[in-house]
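Worksheet for the structure shown next.
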Ligand SMILES: C[S@@+](CC[C@H](N)C(=O)[O-])C[C@H]1O[C@@H](n2cnc3c(N)ncnc32)[C@H](O)[C@@H]1O
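In the UniProt record's numbering, the protein residues as written are 1 to 457.
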């Protein structure tokens, strides 16, 4: 017999099972009541959050309280599944998890979800025979069946009858959705370039006095990720990256941002400066709710050009009205004096950098005496065992699955040498940069993001 370092006693297992069942029952009943109310109300979405949740097919996210219970339910179900799974199986399944990535990569590239949708609409059937999918996508039918079946086990697609597949709610997010597919492609394509070098990075970080900054730098002969991405040879990848940033906004619950953080309290005479703002995802989402605010979106030259050239008609109108301005600004250089006292936003920026580089950015901003600094980034919450720890309490109040937050932490390590940070990391980093962390506003329907509000020390 194998021996175990710390076997769970039957009494402990029983107590955990009871605690989880209680939590699942409580959250499920909140969700059920919310759905009953929605069904009774019919199709009328009267608030902005309601129509946003409907548009994104989020049944439980119009109301933040219900959204919190949806997240709590997932957390409790994950823990319950861990408890019920033979321990070796959890480890074994983790070993094979990259086959899921591979299967997803293939079906995303061939846009199988859209093929299923088009065929089902035409034929009026729930499922599509795999032979048809194979013909349309020019992929081997036998291997495609097996890839689809593996995805179906994960809830992406459904095998309705033998070798016949239908979309599910998750796979439907891929239908005619180039922005979401670009985001997935970014994670899988650039990720796959860097991942083979990850073991070397981990080892060299231990053994070498000046280790490589990231796994990606080992792939790119030392070029930092953004230098590589902005080089003329990678024009297609830059274009995919910028589209991916729009797709990312939907995965991160950005649509609810104006409800989850009180932007309306920010004075309208202060500019909102979005540092490393890409092609303007933030004002696109915020301006409809904040028509009297003005945004400056800063980024590096190739991105600013793409933002101006590819601006939508709405964006062009905002630019003409002076509500949005795209400007070239390297975040490692001092901000121009006109931005003194502005509201600065760093959305998905700081996670790209290790602490010394992140501090350079923060100190530059501190010198402009900002009205507020809003860091929109992921909050990693370690799932500590100690039940009364602060982290446990935080996890319960934010109630966000950590699957994306911790995997993205590794994406940051691998591509940029950056990291996703815990609450203590944020508090310390902000203090060293001259800021005081005022409050955390978790974003519902996000993958662990929160607005971290800071003021000058
Ligand atoms: C992860 S993306 C985030 C984009 C946007 N904030 C969002 O959340 O959609 C990081 C952005 O930082 C920009 N960036 C990289 N290095 C920069 C620098 N030194 N100064 C300003 N922006 C930079 C990139 O071009 C990219 O648009």
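We put the CB at the ideal spot given by N, CA and C, even for glycine. Being a predicted model, the structure only gives us computed values, none of them experimental.
Worksheet item: Alpha carbon to alpha carbon, how far is residue 122 from residue 266?
Response: Rounded to whole angstroms, the separation of the alpha carbons of residue 266 and residue 122 is 50 Å.
Worksheet item: Among the residues of its own chain, which have a CB less than 6 Å from the CB of residue 482, if the five just before and after it don't count?
Response: This structure cannot speak to residue 482, because the chain is shown only from 1 to 457.
Worksheet entry | Status (buried if at least 16 other CB within 10 Å, exposed otherwise) for residue 18 | exposed
Fill in: Heavy atom of ligand 1 within 8 Å of residue 261 beta-carbon
no
Worksheet item: In whole angstroms, what is the alpha-carbon distance linking residue 73 and residue 64?
Response: Rounded to whole angstroms, residue 73 to residue 64 spans 14 Å at the Cα level.
Fill in: Minimum length 3: unbroken beta strand (DSSP E) runs contained in the stretch 100-170
Counting only runs of 3+ residues, the beta strand (DSSP E) found wholly inside the stretch 100-170 occupies 158-161, 164-166, in chain order.
Worksheet item: Unbroken alpha helix (DSSP H) runs of length 4 or more, entirely within the stretch 64-94: which are they?
Response: 64-84
Worksheet entry | Bridge partner(s) assigned by DSSP for residue 450 | 377, 442
Worksheet entry | Inter-residue Cα distance where the pair is residue 223 and residue 23 | 48 Å
Worksheet item: Are residue 78 and residue 401 touching if we call contact CB-CB under 9 Å?
Response: yes
Practice prompt. Give a single yes or no on whether residue 303 has its beta carbon closer than 8 Å to a heavy atom of ligand 1.
Written response: yes
Worksheet item: When you compare each of 262, 108, 100, 69 to residue 181 by their alpha carbons, which one comes out closest?
Response: 108
Worksheet entry | Contact with chain E by residue 299, beta-carbon distance below 9 Å | Among the chains of the structure shown, chain E does not appear; only one protein chain is present.
Practice prompt. For residue 208, count neighbouring Cβ atoms within 10 angstroms of its own Cβ and tell me buried if that reaches 16, exposed if not.
Written response: exposed
Discussion item. Assuming residue 361 is part of the alpha helix (DSSP H), what are its boundary residues?
Written reply: 355-366
Practice prompt. Count the other CB atoms, across all protein chains shown, that sit within 10 Å of the CB of residue 332; report buried if there are 16 or more and exposed otherwise.
Written response: exposed
Worksheet item: Is the stretch 442-451 touching the stretch 229-243 in the sense that three or more CB pairs, one from each, lie closer than 8 Å?
Response: no
Fill in: Distance between beta carbons of residue 281 and residue 308, contact taken as under 8 Å
Not a contact, Cβ separation roughly 15 Å.
Item to complete: With a threshold of 8 Å, establish whether the CB of residue 236 neighbours any heavy atom of ligand 1.
Response: no
Worksheet item: Does the beta-carbon of residue 131 have 16 or more other beta-carbons within 10 angstroms, so that it is buried, or is it exposed?
Response: Exposed is the call here.
Practice prompt. For my contact list, residue 204 and residue 212 are in at a C-beta cut-off of 8 Å; report their separation, rounded to the angstrom.
Written response: Yes, residue 204 and residue 212 are in contact; Cβ-Cβ is about 6 Å, under 8 Å.
Fill in: First and last residue of the uninterrupted beta strand (DSSP E) at residue 45
Per DSSP, residue 45 belongs to no beta strand (DSSP E) and is neither H nor E.
Worksheet item: Are residue 433 and residue 353 close, meaning C-beta to C-beta below 9 Å?
Response: no
Discussion item. Does the structure place the stretch 250-261 close enough to the stretch 172-188 that three or more beta carbon pairs sit under 8 Å?
Written reply: yes
Worksheet item: Which residues bound the beta strand (DSSP E) around residue 295?
Response: 295-299
Discussion item. Let me check understanding here. Comparing Cα to Cα, which of 195, 421, 168, 319 lies closest to residue 120?
Written reply: For residue 120, the nearest C-alpha among the options comes from 168.
Discussion item. Ligand 1 and residue 230: does any heavy atom of the ligand fall closer than 8 Å to the residue's C-beta?
Written reply: yes
Worksheet item: CA-CA distance, residue 427 and residue 21?
Response: Between residue 427 and residue 21, the C-alpha separation is close to 35 Å.
Worksheet entry | From 69, 114, 56, 240, residue whose alpha carbon lies closest to that of residue 188 | Here the closest residue by C-alpha is 240.
Item to complete: Quickly, what does DSSP pair residue 275 with across the bridge? List them, please.
Response: 298, 346
Fill in: Which of helix, strand or coil DSSP assigns to residue 416
coil
Worksheet item: Assuming residue 197 and residue 184 make a contact with CB atoms under 8 Å, what is their CB distance in whole Å?
Response: Wrong, their Cβ atoms sit about 21 Å apart, outside the cutoff.
Item to complete: Indicate, with yes or no, if ligand 1 has a heavy atom lying under 8 Å from the CB of residue 331.
Response: yes
Worksheet item: Mind checking whether the beta-carbon of residue 281 lies closer than 8 Å to any heavy atom of ligand 1?
Response: yes
Worksheet item: Do the stretch 341-360 and the stretch 438-446 make contact, defined as three or more Cβ pairs closer than 8 Å?
Response: no
Practice prompt. Would you list the residues sitting across from residue 206 in a DSSP beta bridge?
Written response: Answer by DSSP bridge pairing: none, since residue 206 is not bridged.
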